[in-house]
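Number of protein chains: 2
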Amino acid sequence: MSATASRKRVYDFAEGSRDMRMLLGGKGANVAEMTRLGLPVPGGFTITTRACIDYLSADHTMPPGLGDEITRHLQSLEARTGKRLGDADDPLLVSVRSGAPESMPGMMDTVLNLGLNDASVRGLAARTRNPRFAYDSYRRFIQMFADVVEGVERSLFEDALSDLKAARGVTQDVELEADDLLELVATYKAIFRENKGEDFPQEPRTQLDASIRAVFESWDNRRARDYRRVNRIPDDLGTGVNVQQMVFGNTGPRSATGVAFTRNNTTGEAGEPFGEFLINAQGEDVVAGIRTPEPLAQLRAHLPEAYDQLVATMALLEKTYRNMQDVEFTIEEGQLYMLQTRNGMRSAEAMLRIAVEMVDEGLLAPGEAMTSLVVADQVRQLLLPRLDLSGAPVPAAHGVRASPGAACGIVVFSSDEAERRGRAGESVILVRDETTPDDFHGMVAAKGILTARGGKTSHAAIVAVGMGTPAVTGVTDLHVDEADGCLRIRDEFTVREGEYVTIDGASGTVYVGQLPLLPPDPHNRYLERVLSWADAFRTMKVRTNADTPEDARRAREFGAEGIGLCRTEHMFGGEDRLPHVQDMIMATNHRDLVLALDVLRGFQIADFIGIFDAMEGLPVTIRLLDPPLHEFLPDYTDLRVRLARAEITGTPDPEAESQLPNVERLQEVNPMLGTRGCRLGIEIPDLYRMQVAAILTAACEVKKRTGVAPIVEIMIPLVGFEDELRWLRDHVLDVAESVFTDQGTRVEYHVGTMIELPRAALVADEIARQADFFSFGTNDLTQTTLGFSRDDAETKFLGDYLGKGILRSNPFEHIDQAGVGKLVRMACESARKVKPKIKLGVCGEHGGDPDSIRFFGSIGLDYVSCSPYRVQTARIAAAQAALQGSRG
Amino acid sequence: MSATASRKRVYDFAEGSRDMRMLLGGKGANVAEMTRLGLPVPGGFTITTRACIDYLSADHTMPPGLGDEITRHLQSLEARTGKRLGDADDPLLVSVRSGAPESMPGMMDTVLNLGLNDASVRGLAARTRNPRFAYDSYRRFIQMFADVVEGVERSLFEDALSDLKAARGVTQDVELEADDLLELVATYKAIFRENKGEDFPQEPRTQLDASIRAVFESWDNRRARDYRRVNRIPDDLGTGVNVQQMVFGNTGPRSATGVAFTRNNTTGEAGEPFGEFLINAQGEDVVAGIRTPEPLAQLRAHLPEAYDQLVATMALLEKTYRNMQDVEFTIEEGQLYMLQTRNGMRSAEAMLRIAVEMVDEGLLAPGEAMTSLVVADQVRQLLLPRLDLSGAPVPAAHGVRASPGAACGIVVFSSDEAERRGRAGESVILVRDETTPDDFHGMVAAKGILTARGGKTSHAAIVAVGMGTPAVTGVTDLHVDEADGCLRIRDEFTVREGEYVTIDGASGTVYVGQLPLLPPDPHNRYLERVLSWADAFRTMKVRTNADTPEDARRAREFGAEGIGLCRTEHMFGGEDRLPHVQDMIMATNHRDLVLALDVLRGFQIADFIGIFDAMEGLPVTIRLLDPPLHEFLPDYTDLRVRLARAEITGTPDPEAESQLPNVERLQEVNPMLGTRGCRLGIEIPDLYRMQVAAILTAACEVKKRTGVAPIVEIMIPLVGFEDELRWLRDHVLDVAESVFTDQGTRVEYHVGTMIELPRAALVADEIARQADFFSFGTNDLTQTTLGFSRDDAETKFLGDYLGKGILRSNPFEHIDQAGVGKLVRMACESARKVKPKIKLGVCGEHGGDPDSIRFFGSIGLDYVSCSPYRVQTARIAAAQAALQGSRG
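For the record, the sequence lines run as chains A and B. Residue numbering for the first sequence follows our numbering, starting at 609 and increasing by one per position. Residue numbering for the second sequence follows our numbering, starting at 609 and increasing by one per position.
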């Protein structure tokens, strides 16, 4: 008890600093910092986050000694201000606000105007000569205290207010007089008494203690817990409680309140501060939007001294924090008060421009700007069309921000129609209740995707993000009436197939009609600067996942240094190849098999020549065929239905008859864990031999034609046992020699494997003996390590898990470091023990996720590979990983 | 080179001992041991296994210096025998035989009668006064050398022999005269010259060197490699080469040859040695079965001195080896020679009786007998009916020994019929081309299973082994003609439905008709003795996997000390429950869900009371519902076909219509990795709450009625994240308190989880914080770690992998120690760090596999759990694990 009792739990604002964010919370630390800088901050003190945790873990009882500490700090505040809490003559009013180490906007509770009671309200009225203001403050305090601290239904107060306005025949709160408000105070106190069985507390210290408890409790409320889970904030941080003297921007025309950014938060432009204010108003009024605020520059005309002081203060804050600041201020009777400063939210464009200009201004070194000002993931927004909001359009509905970017097009309700119209060159928005894998072709053809159901992990969202297609999902107001060929939004809008909608995936908004879009800007000059820093800092290479020459070229424009994953199965699905693939599968003897493979070899050589040409001598990792063969045959159920139909109608269906036995033979209970990857190559060695021959023939031909030899990396998928790779590697070497003899030339090639099974990671030392490189296939490794079938998890239980807080993020987006990451780390360590120079990379989708990239950097991978649109993001994240590593 | 040259590579028989098996091979070590014991062993020397490996790894060239070493040992042998290799007057003949550290019967090569040439054959003829014998030996030598060493087609020689017999008008080899054989020698030499382009080598040292090389080479032949893969013998052991003076049992009536066991290898009875012999014969003749050998006891009458010497020798060998021996001997002109001794193969009965009696004779201590004489897996044979072969029945066909035991019954061709007739009390053999999961009910009802296709890893085999049902699979001669209601075996047998067949799974044989069976003998008194030793030695407990009171009772008879896995899903599938399970699944609101669960609760309470009663206070681990819910609904494809049919025929199918949306909703791409296990419990908390309430209610009621409180272990399946278990554990505790209040009493209960996902093993320390116990579900852990869907692997690629030697054993039978085993070991270590007393067990099928049990013992698990029929095996294997551990 002595250790607990002796611990300091309350800090005067003058005692803290911005480095004490963990102990004081963000708000407390920043207010302390401003106090330390000598800025005009209303006095007060902060109760530590540790006190909050102590309170919660001691069965919600106040830590011993805390009351006395508060008393001392309160007395000191009263002494400095010359006012006393609850004083009938010149009362001190305080606010009680939460403030956690990580920003959790709006999640926790706040009480304003604390210290008012039946006596002090009269003192306030007299002192301010503004009884209306005093009684309005009191009735607000009663309502806020009753709601936040005592849990009395807020609507009871709102109804009483409405009743009073009706009785007075007015519509606006401001039309009520001081006497009306005095009457309302009485009504509010009666409501309080009725609901709580006791009188509204008149003793200010009782009010204060109850409010502090309420803030502590709010750390653990459902909303806050959920927010922390979604934002991956630990539960054991706790919140600070800030008790601060109230100042008032609503005492008259020489008072004001406002918010401001030190630079433009949309463009990043420096110069005049950017923000807005209201004369004679309180902070709440700005947020509530009852009156329209004026641009900050206008403040100079109203209150020039306060304005100049604000501008100087903001400049000082920016220099101090070395980051663009977002401040809240109040001016009471001409006197400026700073209430809050924090790093400001900004658009991607602003983020980059601010980083570059702050470096040019000498405020930060590039490395510091990379880590403190650049958010790697935001860069992708520059690659997407944006909505031109200059016309201030009104959204028709809101949904989930499933995939960023804006899109405008005509509505279609089926994937077949999307494909048909898309091919015809029309811009279409595919609208569905929700999408399924059967919609893939329509999603590819669509400019945007809009669904009524599903969140960020829905099929629509995942596929859209993967393709870089804008999407808004989970629009609950949207009703898709396929039968009637239209969509309805509430009862307000009806859009028929062929009419326009516009969606903005970045904000989750839906507009009826055609809105102007701003084109993407991937070669923004600020971005180029930031990327040039990134390339200088990073140690990991960045490759791309690309299956076509077009993707490869696009990725090179974004800076990809090679292909980390070229999947060959997509090459098998083309209309011109599928019949031959089916011949191969259905071959009943070796001759038919070889014939089918011969045809495919021709296609494959052309495929690989295209890719090698696009990559001009950069390394290309090609994965041999991976998916189970039944994916190239019709669906089993469809065949059975066709045959049932044929039987009943007496119309034979010879195609279905011939396909059914093969589909039955290849059917698997769990295709993910079935005959795929290297198991195919071992079962049908001629298949992989054909692919290897095509790859190396293409490489030799490109070398002979262009003089630039491709660097070929042949990747065997799904290896779990050293002997699998040994067996297949022997085949590769054998085929290679025969191709080189035929071609009269040789190319450099390497043989490696994907590490995508837990066993492969566990015996990586054994497998490394047969491998020139490893590429971690973290998608499949996540599926097997967690036992999560991605197809099933994301449409079934994953949403429930995220909702219940059992998972904090989708492990397919951010790598599960404790499980999957541990396997990757173990595999790297054991492989390098056997073969120090083995090349190690990652080609799962995590290769484009900044969080995951930082993890991969920390364990020393040589490269990450990601989709073309994520290459720039990955370059930045790789730099951040390197900077993080060099700082230890 | 000096290290290589100076290494001793040839050992005289007098220089070795039985401890040198790794260096000299089994045969070489045993012959050396017999020499050391002063037994009459023809002289010779052994070339080491290391020389073989050196030869193979030096690109198949003779290690330098080996030739000289052989020369010295050969000269010494010649000096001792007074004969010379190839001598025209008194030639030394030798045999050249392989002998590896692990027995590989018949896999590698042997050359006999080496040293004969055109000159020495005359010397042999003169010395033995038996020209026929000499020329017969010579022609045999030419054929053997040509075949084994030079790869000349054996049939060429056999055809020449047949031609000669035809020309002489005789049918038996022995009817040929010496002159005929002299002519045959000339023919054989001509064949050799024709095929090899050179003369048959006359120089004995050339013959010898070539034969030694051939034995070295035979280590690497396909057959030997395959054998090693199947029997998990390492490839780098190499074979020894034994060069030994020939002795002849075929020189006349005072000569003989035979094989013998020191005890009866079928019954284990001690007393007179047990074996057979032929007068005036060579070893080959015994094997070839041309003449019928006589029982060994008859030898006393023929050659009493040699017989007495043999009996004394065998007694000495048994004492020396402290194990039942299998010897080969030859008597040449009354003189006994011992050619080989080794531990003898024996039946399960003999194994146990020999172990017990050798301990009683003071030959070994029980612990030694446990490790050196008892093979845990063989014990299961005692639990199965055996075929009474006293009538010497003739098999109709042979197949794969899929599941041991014999069965006799009437043939049925469908599982429905098997179930119908089985219920009616008939003994049925289910005959199918191959079985599928749909046949499960028929397999349960059948006394035996017979299939035309599939090996040891086929569905039929796996299920049969699991149920302890005899099975023969992969009978290629079997044709199942369902349409005609009969089976055919080649063109010889036709068996109609309802007629009898008998199968013997231990030998893979099929008999037409009804054969007598011998009943199983689980309470064999020798077994009881061995088990009592086992229980004294072992440190791991042995539990059983049992879902019914019947299984539980049976397992207790076999010595189970608790239930390690009681699966509740089987309880849901019963006809009386399924409609309510479907109601639960299809419930669209909470009220319907609760109603369905209320009905199920009643059934479950009765289920658990039955189990607790059977276990009388022993611990019972009950796993909450695990499989995906669609398993309780009709098949998706069937529904779609039904609805297509309904649509075309215009006959509505309301049942299918109502079920389809639910089946569609629950359908999963990879059910193994889908919504099952604890994911169900989290999605539908009421389901697990119902099960927990039923379990604890049953436990309280049993306690109140019997006074004996069950020890309840509630097991949450498929946990991968600590928060899953925390969330569900909270529900369990909550339900428990309310049950105990209702019941007015409490029972001891624990909450734990199955570790069956790689992630769970990787973060076992985190999960351990929420768990009282872990049970490793190594079946599923194998599926996810290896990415092998068991359903798919065993019917698809696993056979190919085993055939190609990529896998050496089925990882579902023997735990994959390097991968899955590593995870289990890591999990145990990290869990115990957090919670030293956590109870750790295994309930996968590996819990009944002796190899795996020894592994589990080595990492310190507290118990294994296996099917009832494997409990005795597991008790013995656990003892062996403990003895192995105590020896370090």
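We put the beta carbon where it would ideally sit given N, CA and C, even for glycine. Everything numeric in this text was worked out from a predicted model, so none of it was measured.
Distance, Cα to Cα, residue i vs residue j?
i: A1301 of chain A; j: E1453 of chain A; result: 29 angstroms
i: P1187 of chain B; j: I1193 of chain B; result: 10 angstroms
i: P672 of chain A; j: R615 of chain A; result: 10 angstroms
i: P1128 of chain A; j: A1072 of chain A; result: 17 angstroms
i: F749 of chain A; j: D787 of chain A; result: 17 angstroms
i: G1360 of chain A; j: L1208 of chain A; result: 23 angstroms
i: L1326 of chain B; j: L1406 of chain A; result: 15 angstroms
i: Q1488 of chain A; j: F1464 of chain A; result: 11 angstroms
i: R1175 of chain B; j: S980 of chain B; result: 37 angstroms
i: T689 of chain A; j: A905 of chain A; result: 32 angstroms
i: F681 of chain A; j: V649 of chain A; result: Here residue 681 of chain A turns out to be His, not Phe, going by the sequence shown. Rounded to the nearest angstrom, the two C-alpha atoms are 16 angstroms apart.
Run through DSSP, which three-state label would residue i get?
i: P1242 of chain B; result: coil
i: K1447 of chain B; result: strand
i: K1149 of chain A; result: strand
i: H1006 of chain A; result: strand
i: D1112 of chain B; result: strand
i: M1323 of chain A; result: strand
i: N638 of chain B; result: helix
i: M630 of chain B; result: helix
i: L1469 of chain A; result: coil
Can you list the residues of chain B that residue i reaches, using a CB-CB cut of under 7 angstroms?
i: K1430 of chain A; result: L1370
i: V1249 of chain A; result: R1248, V1249 and A1252
What does residue i touch in chain A if you count any residue whose Cβ is under 8 angstroms from its own?
i: F1329 of chain B; result: I1414 and L1415
Just to make sure I have the definition right: I need the residues of chain A whose C-beta is within less than 7 angstroms of the C-beta of residue i. Which are they?
i: E1332 of chain B; result: I1414
i: I1256 of chain B; result: R1253, I1256 and T1257
Output, in chain order, the set of chain A residues within a Cβ distance shorter than 9 angstroms of residue i.
i: M1280 of chain B; result: V1277, N1278, M1280, L1281, G1395 and S1397
So residue i contacts chain B; which residues on that side make the cut at Cβ distance below 8 angstroms?
i: G1427 of chain A; result: G1328, P1366, R1367, L1370 and V1371
So with CB distances below 9 angstroms, who are the chain B contacts of residue i?
i: W1335 of chain A; result: K1412, G1413 and I1414
**Study point:** Against chain B: residues of the stretch 1374-1407 of chain A by CB proximity under 7 angstroms
**Key:** Residues passing the 7 angstroms Cβ filter: Q1391, T1392, T1393, L1394, G1395, F1396, S1397, D1399, D1400, K1404 and F1405.
Check your understanding: Which of the residues in the stretch 668-690 of chain A, read from start to end, lie with their CB under 8 angstroms from any CB of chain B?
Key -> Residues of the stretch 668-690 of chain A with a C-beta less than 8 angstroms from any C-beta of chain B: none at all.
Exercise for review: Identify every run of the beta strand (DSSP E) within the stretch 895-955 of chain A, keeping only runs that are complete inside it and at least 3 residues long; order them along the chain.
Suggested key: As far as the stretch 895-955 of chain A is concerned, its whole beta strand (DSSP E) runs of at least 3 residues are 933-940 and 943-951.
Review point. What residues from the stretch 1285-1312 of chain A come within 9 angstroms of chain B, judged by C-beta to C-beta, listed N to C?
Key: Residues of the stretch 1285-1312 of chain A that bring their beta carbon within less than 9 angstroms of a beta carbon in chain B comprise G1285, R1287, L1288, I1290 and E1291, in sequence order.
Exercise for review: Would you list, in chain order, the members of the stretch 898-931 of chain B that have their beta-carbon closer than 7 angstroms to a beta-carbon of chain A?
Suggested key: Residues passing the 7 angstroms Cβ filter: none.
Check your understanding: What are the residues of the stretch 1052-1064 of chain A that lie near chain B, defined by any Cβ-Cβ distance shorter than 7 angstroms?
Key -> Going along the stretch 1052-1064 of chain A in chain order, one finds no residue with a Cβ nearer than 7 angstroms to chain B.
Review point. Just by C-beta distance, which residues in the stretch 1220-1246 of chain B are closer than 8 angstroms to chain A?
Key: If the cut-off is 8 angstroms between Cβ atoms, the stretch 1220-1246 of chain B has Y1244 and T1245 near chain A.
Point to revise | Ranges of the beta strand (DSSP E) found wholly within the stretch 958-1014 of chain A, counting only runs of at least 3 | key: With a minimum length of 3 residues, the unbroken runs of beta strand (DSSP E) contained wholly in the stretch 958-1014 of chain A fall at 1008-1011.
Point to revise | Short-range partners of chain A found in the stretch 1351-1371 of chain B, where Cβ spacing is below 7 angstroms | key: Within the stretch 1351-1371 of chain B, the qualifying residues are L1365, P1366, R1367, L1370 and V1371.
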